[in-house]
Each structure stands twice: as C-alpha cells, then as structure tokens.
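With my numbering applied, the sequence shown corresponds to residues 588 to 904, in that order. Virtual Cβ for every residue (Gly too), placed ideally from N, Cα, C. Just so it is clear, the structure is predicted and the values come from calculations on it, not from any experiment.
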Amino acid sequence: MEKFINQGDKDTRSGFGEGLTELGRSNDNVVALCADLTGSLKMNVFAEENPERFFQTGIAEANMIGLAAGLATGGKIPFTGTFANFSTGRVYDQIRQSVAYSNKNVKICASHAGITLGEDGATHQILEDIGLMKMLPGMTVINTCDFNQTKSATIEISNFDGPVYLRFGRPKVANFTSSSEKFKIGKGLKLKDGNDVTIVATGHLVWEAIKASEKLAENGINAEIINIHTIKPLDEDIILQSVSKTGCLVSAEEHNIYGGLGESISRLLVTKLPSPQEFVGTKDTFGESGPPSELMNKYGLNSSSIYNSAVDVLKRK
C-alpha cells in the first residue's frame, strides 16, 4: 500500500501565517485584520512588513467583519484572523448580512478550531462552525489537514472571488502532503486506492484515517482514503465514484456529526447512491479542558475509532 511520510509535526496556523506572508509580498491588494490575536494566528510577519495593510481591531470581532466587508467593497482582498469560535459564532449576523448576503470577497480565516484547542475548554472549542458556515449561501468552506495544505490554501483563496471560510488548528500535527501540490478549491484528493470501504476525512482526521487504513490492511481490509479539504462545494464525483466501488463509507471530522462533512456526504448518498455510512465526529456534545491528544481519544476522534467504524460499516454492506 501507499506510504505517507510525516515530514515533521507542524501547526496548521503557521501554514496560514506563512501563506499570508507570501501574499503580503506578492499582492498589494491583500490586507489583513486581526482581533487581538496576531501571535496566535501567526500574522506577525505580515503586520511587520505591511503596517499600512494590517488592521488591529482589538477584541471587536463584529467590527472586524464589518471593516473587512468595507475593504472588499473598495477592491481589497481582506483576510480576517481570530479563533474559530470568534470567527463564526460571535459574528454570525455580521457574516450573514455584510459578507454572505452581498457576496463580498472576504476571507474568514479561523484558527484554534475544534476540540484540539485543548486546555481553553468547551467555551472556545467550537464544534459547530462548519455547519454554521456551510449553510450560508455562496460561502466556500475549507478545512485543511496539515501545514503544507494550509499554506497552499491560504495563497489560493486570494485568487478566488467570493467569501471563504478557512478553518485550521492550534496543535502541531503530522505534515505529510507535498509542499509543491497546488491547492484546488472544491477538488477532493484520493490518497489511497481501495476496494472494500471508503474513508472520507477532513482536517486533523486525515492523518488518523491514513493510520487506520494501515491497521485495516494488516487485517485484510483494503480501504480507499479520500481527503476532502473543501467541504463546500463538495466534490461529489470523487465520493460517488469511490462508493460505487466499495459500497460503504466512513466519514471522519473534528466537528459535531450534526451539520458537518458527514452530514453533507449522507445527503449526497441518500439522493444519488444509497449506501451504509458510519460517522466519526463528536456526538452532539461540547468539549472540555484538557490536552488535545487526550481529548481526541476521549471523544473518539482517532485512528482507532475510524478503524472500528470501518469494521462496523462493512458488516452493513
């Protein structure tokens, strides 16, 4: 089977920071706004190199979104940066009214998403943001899996005309994708061919899916692995082609199973290719304070859960 090499653990937020820095040097229309979390979002270098194009709004996220919408109206390409909870839940009205409704070219970039935020606890560990954002008409929703992919996505969304929600995380995770791979919005990536079961994963769960597939292979189960980095628009073709071959699917995400990637896939399957599906994600619950790795294990967001779900769904074929 294919082998994926971890080039060294790196945090995805640093991928965003490096991508934004490159954009600052190559595109004069790119501007950045941050709600008092410049260091956490790795926006420091952009701010230092482009002081006239960086706006520190303070802890005023709603104002930040309004300013971004105004800058977009003036022809700029604004990138907003704060924690995922504050990027979506706190400012949902402003995003809906000032960005999505009028189709403004604003890039909403969100770090510290999901349960891997860790010790800051349940109030900050938003597990509903993908659902919130994908329901907004015209909003593109992206959830990257590692440092390289996040950097590439950050650069690519600057070329896309329209509102984008880019979701990434706090902890250092496996960096295994190619740094030379161009990010293509709306196009899933088949990481491994398989005939027995399809595993579709997004974000931090992609690496866990790869590890699960290795264990499955040891037990004679050949899993096909698909990385869905763009949750909306969903690459329906790559999923349907895979499930038409395997006959069943496991979805895996660091998000509530209600409203996330798995739900989008289930809607696709029930309308076009009814098939058994198992869901790996949080089960209608808030998180809690703790080390990210321990929380991922407690809430079943790991390779073992993906493995067990694959075994279960095979029984339903």
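Rounded straight-line distance, which links the Cα of residue j to that of residue i
i           : j           : result
residue 711 : residue 634 : 25 Å
residue 677 : residue 832 : 42 Å
residue 883 : residue 661 : 43 Å
residue 800 : residue 839 : 13 Å
residue 775 : residue 730 : 12 Å
residue 859 : residue 638 : 51 Å
residue 704 : residue 881 : 12 Å
residue 613 : residue 770 : 18 Å
residue 604 : residue 903 : 44 Å
residue 821 : residue 721 : 10 Å
Selection from the options that minimises the alpha carbon distance to residue i
i           : options               : result
residue 867 : 874, 850 and 858      : 850
residue 699 : 800, 709, 813 and 671 : 671
residue 691 : 675, 653, 709 and 697 : 653
residue 687 : 752, 737 and 696      : 752
residue 728 : 735, 695, 713 and 806 : 695
residue 842 : 657, 782, 612 and 714 : 714
residue 750 : 771, 689, 759 and 794 : 689
residue 618 : 595, 648, 600 and 668 : 668
residue 787 : 805, 811 and 590      : 811
residue 719 : 900, 873 and 847      : 847
Residues bridged to residue i (per DSSP)
i           : result
residue 667 : 620 and 695
residue 704 : Paired residues: none, contrary to the question.
Counted within 10 angstroms of its Cβ, other Cβ atoms place residue i as buried (16 or more) or exposed
i           : result
residue 592 : exposed
residue 615 : exposed
residue 780 : exposed
residue 765 : exposed
residue 783 : buried
Limits of the beta strand (DSSP E) - the one that residue i falls within
i           : result
residue 840 : 836-843
residue 643 : 641-643
residue 967 : Nothing can be reported for residue 967: it is not among the residues displayed for the chain, which extend from 588 to 904.
residue 728 : 727-730
residue 866 : 864-869
Span of the alpha helix (DSSP H) around residue i
i           : result
residue 712 : Run containing residue 712: none; DSSP gives neither H nor E here.
residue 875 : No alpha helix (DSSP H) contains residue 875, which DSSP labels as neither H nor E.
residue 658 : 648-660
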